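For the sequence shown, position 583 (counting from the first letter as 1) is numbered 582 according to numbering that gives the first Met the number 0, and the numbering increases by one without interruption.
The beta carbon of each residue, even a glycine, is placed where N, CA and C say it ideally should be.
Quick caveat, the model's predicted, so the values are computed rather than measured.
This report refers to the structure that appears directly beneath it.
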Amino acid sequence: MADILITGFPRSGTTLVASLLNTQPDVIALAEPFALPQGQDREGAVEHIRALMHDYRSQALAGSPLVTKHMGGRIPDNWVEPPKENGGLRRVLEERGALLFDKPLTDDFTLVAKHPAEFTALADLLVDHFPLYAVVRDPLAVMAAWQTVDMPINRGRMPMLERLAPTDWRVQLDAIEEPLERQVKLLSLQLQTYLSLPKGRLLRYEDLIANPRATLAPICPGRSAYPEQSAFDPVQRYVGVDFSALAKRLMPLLPMIEEIYPDFARRWEAYLPARTVVPVAEGSLTRQMPIPVAPHTTDPPRVFVMGAYIPAGGTRMAYEIGHVASEDMGFACYAVKWGHESPEQSFFDYPASFASVDRAELAGLLRPQDLLVCNPSFSNGSVGLTHHCRKLMYVQGFNTFSTLDCWFDRHVAVGSFVQDFLANIYGVEAPVIAPFVSTRGLTPTDWWNREPNSIWLYLKGEGGLQIALVARLREELRRIDPAAEAAIDWEGSILRAGEYRQHDLLRKLGERQHLVSLSICEGFGLVPLEAMALGTMVLGFDGFGGRDYVRSGANCRVQPYPNLAGIAQDLVHCLRHPESTATIASRGPATAARYSQERFRESWRRELALMLGR
Numbered sequence: 000m001a002d003i004l005i006t007g008f009p010r011s012g013t014t015l016v017a018s019l020l021n022t023q024p025d026v027i028a029l030a031e032p033f034a035l036p037q038g039q040d041r042e043g044a045v046e047h048i049r050a051l052m053h054d055y056r057s058q059a060l061a062g063s064p065l066v067t068k069h070m071g072g073r074i075p076d077n078w079v080e081p082p083k084e085n086g087g088l089r090r091v092l093e094e095r096g097a098l099l100f101d102k103p104l105t106d107d108f109t110l111v112a113k114h115p116a117e118f119t120a121l122a123d124l125l126v127d128h129f130p131l132y133a134v135v136r137d138p139l140a141v142m143a144a145w146q147t148v149d150m151p152i153n154r155g156r157m158p159m160l161e162r163l164a165p166t167d168w169r170v171q172l173d174a175i176e177e178p179l180e181r182q183v184k185l186l187s188l189q190l191q192t193y194l195s196l197p198k199g200r201l202l203r204y205e206d207l208i209a210n211p212r213a214t215l216a217p218i219c220p221g222r223s224a225y226p227e228q229s230a231f232d233p234v235q236r237y238v239g240v241d242f243s244a245l246a247k248r249l250m251p252l253l254p255m256i257e258e259i260y261p262d263f264a265r266r267w268e269a270y271l272p273a274r275t276v277v278p279v280a281e282g283s284l285t286r287q288m289p290i291p292v293a294p295h296t297t298d299p300p301r302v303f304v305m306g307a308y309i310p311a312g313g314t315r316m317a318y319e320i321g322h323v324a325s326e327d328m329g330f331a332c333y334a335v336k337w338g339h340e341s342p343e344q345s346f347f348d349y350p351a352s353f354a355s356v357d358r359a360e361l362a363g364l365l366r367p368q369d370l371l372v373c374n375p376s377f378s379n380g381s382v383g384l385t386h387h388c389r390k391l392m393y394v395q396g397f398n399t400f401s402t403l404d405c406w407f408d409r410h411v412a413v414g415s416f417v418q419d420f421l422a423n424i425y426g427v428e429a430p431v432i433a434p435f436v437s438t439r440g441l442t443p444t445d446w447w448n449r450e451p452n453s454i455w456l457y458l459k460g461e462g463g464l465q466i467a468l469v470a471r472l473r474e475e476l477r478r479i480d481p482a483a484e485a486a487i488d489w490e491g492s493i494l495r496a497g498e499y500r501q502h503d504l505l506r507k508l509g510e511r512q513h514l515v516s517l518s519i520c521e522g523f524g525l526v527p528l529e530a531m532a533l534g535t536m537v538l539g540f541d542g543f544g545g546r547d548y549v550r551s552g553a554n555c556r557v558q559p560y561p562n563l564a565g566i567a568q569d570l571v572h573c574l575r576h577p578e579s580t581a582t583i584a585s586r587g588p589a590t591a592a593r594y595s596q597e598r599f600r601e602s603w604r605r606e607l608a609l610m611l612g613r
């Protein structure tokens, strides 16, 4: 017996999936059959869906008609009008009513129900009860389609999703009024959800059109031939839609999009904006381009990495950029010493050693063709003005500098939160290259074999504030569950940033069942992601920058700052419900796998090739 749920972007092909599945024997696929009652909480809605799936199965086996959306007594491949020549909005032609599926069924037939809004909103809960698949489609084509239909999504609304979504989703959406901005936020939330599903649960519309049998094989073996499908060019189909404007709005989502569509940027290159812009003296915005090498400079470029051996996550990633330039591209690379740091004094292990130069000597050593790689915390705003070479800034935070040095040739953001910060505050449109996590050589203990209810409290930042946060968390926990608070060894659970060498830190992260991060501001947040890679349940603050990969309820349980009460509630829930906690923790490694060192290196090879002309 197989009960399967389908969700996906509006206008991504979920109706087509239902239509195709209904051509197969021993399969019934329903199109948005459920009308969930008003006033239900999220858990109640899930239980209602479970009951409805049971009832629909019984009705189908009894030969009774089933309530579903349809058109003229059948579920079509599309129930929206074709595009109009006058550019008017396309009507939805669906109706709702009882439909008889006149086909023989075995007792264990496959029952499928699709709901784009409801099942996305409840995905974090539904995955514990059903196989849940998501239909995705090229996001720019999806956004273009949304501009042409007479549906709530055209106005930036998905009423059922908004009604059933987690509270933080509703808060984010309620803060946005502009329809197009709401569309982008809705698309972002859906991408986050679908990327958090178990491996193999994404169905690409483009693959469905090309090969329905192979694409739908995880759901149905495809014993009968599927109707042949044909693709169309979105630009030709959606005449009058400004694809360039939509593409620009999608740039902050590029890291998530490229997880599903690695060729997205290449496919839409003509419509995407320049990769980076930077304010110039007149106050206008200028496209950033690689600086051409002067005709007389024949010596190859050299790469200088500011603070490469300072023991911090951001400088380690800057070192890795230099390592890509050196190992993969053959450039000479130098570590610029900020103080007395050295690789031997760091808590990181470095795969190669660079020759060192003192920062006081740097300006005199640089030539026009050389490249300086720098984090923003090392510039008071003047490095870009006083160092005459190519200059690349990897912006890995938003609270480590007072003013961004805008005199660099290219800025690259560590994640979408930093990317938005740069765009909104400085007018810099920076591409995103996420950092990587690696637990190579470590085999973490299975979650169930770790000490029950064991936790780490991860502290990073101003010490007094962190200790005060721990004290308040204890108060909140004591108010909710005094026994749980008393059972925790608070002093023995503190894990401070920079306290251990990297390998020892990773080993510790994999020893306990839970990591509670009280780090308030993170440009990205490597430690929580490393904990995910090791199968540890992550709780605490999302750190702002962590929102690229945290999916509360799906691969972690996190809260926006300063919701300590929510963290306490999450922790109690995890301690009381280890089975569901273990399930959530088990999804962490798949999330972390998307941030591989190989992907990091390939992305930086492309960036460095632009900067250095190779």
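Test item: CB-CB of residue i and residue j under 8 Å
{"i": "C573", "j": "L538", "result": "yes"}
{"i": "F353", "j": "A307", "result": "yes"}
{"i": "E117", "j": "M159", "result": "yes"}
{"i": "L633", "j": "V372", "result": "Limits of the chain in this structure are 0 at one end and 613 at the other, which puts residue 633 out of reach."}
{"i": "R154", "j": "P178", "result": "yes"}
{"i": "D173", "j": "L88", "result": "no"}
{"i": "G426", "j": "T402", "result": "no"}
{"i": "W267", "j": "I309", "result": "no"}
{"i": "M316", "j": "L607", "result": "no"}
{"i": "P300", "j": "F330", "result": "yes"}
{"i": "G587", "j": "N562", "result": "no"}
{"i": "G522", "j": "G544", "result": "yes"}
{"i": "P559", "j": "D167", "result": "yes"}
{"i": "T67", "j": "P32", "result": "yes"}
{"i": "A362", "j": "T399", "result": "no"}
{"i": "V45", "j": "L121", "result": "yes"}
Which listed residue (the options) has its alpha carbon closest to that of residue i
{"i": "F263", "options": "F108, T6, P138, G544", "result": "P138"}
{"i": "P254", "options": "S579, A433, W447", "result": "A433"}
{"i": "H513", "options": "R593, D107, Q596, R449", "result": "R449"}
{"i": "V515", "options": "E521, F347, D541, G497", "result": "D541"}
{"i": "D232", "options": "L163, E578, R136, E176", "result": "R136"}
{"i": "D101", "options": "R41, G62, V79", "result": "G62"}
{"i": "G692", "options": "E490, R169, T590, S187", "result": "Residue numbering for the chain in the displayed model covers 0 to 613; residue 692 lies beyond these limits and cannot be assessed."}
{"i": "P82", "options": "S229, P226, V238", "result": "V238"}
{"i": "S378", "options": "Q368, A144, R366, V394", "result": "V394"}
{"i": "R500", "options": "E227, A553, Y349, V417", "result": "Y349"}
{"i": "R495", "options": "A143, F108, Q465, V427", "result": "Q465"}
{"i": "L504", "options": "A482, D547, S437", "result": "S437"}
{"i": "Y260", "options": "H322, L202, K507, N77", "result": "L202"}
{"i": "T22", "options": "S325, C405, E227", "result": "E227"}
{"i": "W145", "options": "A120, D167, V549, R90", "result": "R90"}
{"i": "H128", "options": "T582, S595, R439", "result": "T582"}
{"i": "R600", "options": "G321, G414, T166, D167", "result": "G321"}
{"i": "P24", "options": "P103, T580, A143, R200", "result": "P103"}
{"i": "M142", "options": "E46, R478, Q189", "result": "Q189"}
{"i": "S595", "options": "E46, E258, Y132, R511", "result": "E258"}
{"i": "D106", "options": "T67, Y55, F400, E529", "result": "Y55"}
{"i": "D76", "options": "A112, R49, A30", "result": "A30"}
{"i": "C388", "options": "G491, F397, S415, W406", "result": "W406"}
Residues bridged to residue i (per DSSP)
{"i": "D2", "result": "L110"}
{"i": "G383", "result": "Per DSSP, none; premise fails for G383."}
{"i": "Q558", "result": "F540"}
{"i": "L65", "result": "L98"}
{"i": "A483", "result": "A483 is not bridged to any residue."}
{"i": "S355", "result": "A334"}
{"i": "G86", "result": "Per DSSP, none; premise fails for G86."}
{"i": "H410", "result": "M392"}
{"i": "A30", "result": "K113"}
{"i": "F303", "result": "Y333, L371"}
{"i": "E521", "result": "F543"}
{"i": "G7", "result": "V134"}
Supposed contact pair residue j and residue i - C-beta distance, whole angstroms, cut 8 Å
{"i": "L110", "j": "I218", "result": "With 8 Å as the limit, L110 and I218 do not qualify as a contact, their Cβ atoms being about 11 Å apart."}
{"i": "T444", "j": "N374", "result": "Not a contact, Cβ separation roughly 35 Å."}
{"i": "L421", "j": "M610", "result": "Not quite, the Cβ-Cβ distance comes to about 18 Å (not below 8 Å), so this is no contact."}
{"i": "L207", "j": "G440", "result": "With 8 Å as the limit, L207 and G440 do not qualify as a contact, their Cβ atoms being about 40 Å apart."}
{"i": "A334", "j": "V302", "result": "No, A334 and V302 are not in contact; Cβ-Cβ is about 10 Å, not under 8 Å."}
{"i": "T192", "j": "T119", "result": "6 Å"}
Point to revise | Length-filtered (4 minimum) alpha helix (DSSP H) runs lying within the region 111-170 | key: Counting only runs of 4 or more, we get 115-120, 122-125, 138-145, 158-163.
**Study point:** Ordered list of alpha helix (DSSP H) runs contained in the region 430-491, each at least 4 residues
**Key:** For the region 430-491, whole alpha helix (DSSP H) runs of length 4 or above, ordered along the chain, are 462-479, 481-486.
Practice item. Can you check the region 489-516 for any beta strand (DSSP E) of at least 3 residues that lies completely inside it and give the ranges in chain order? Key: 493-495, 513-516
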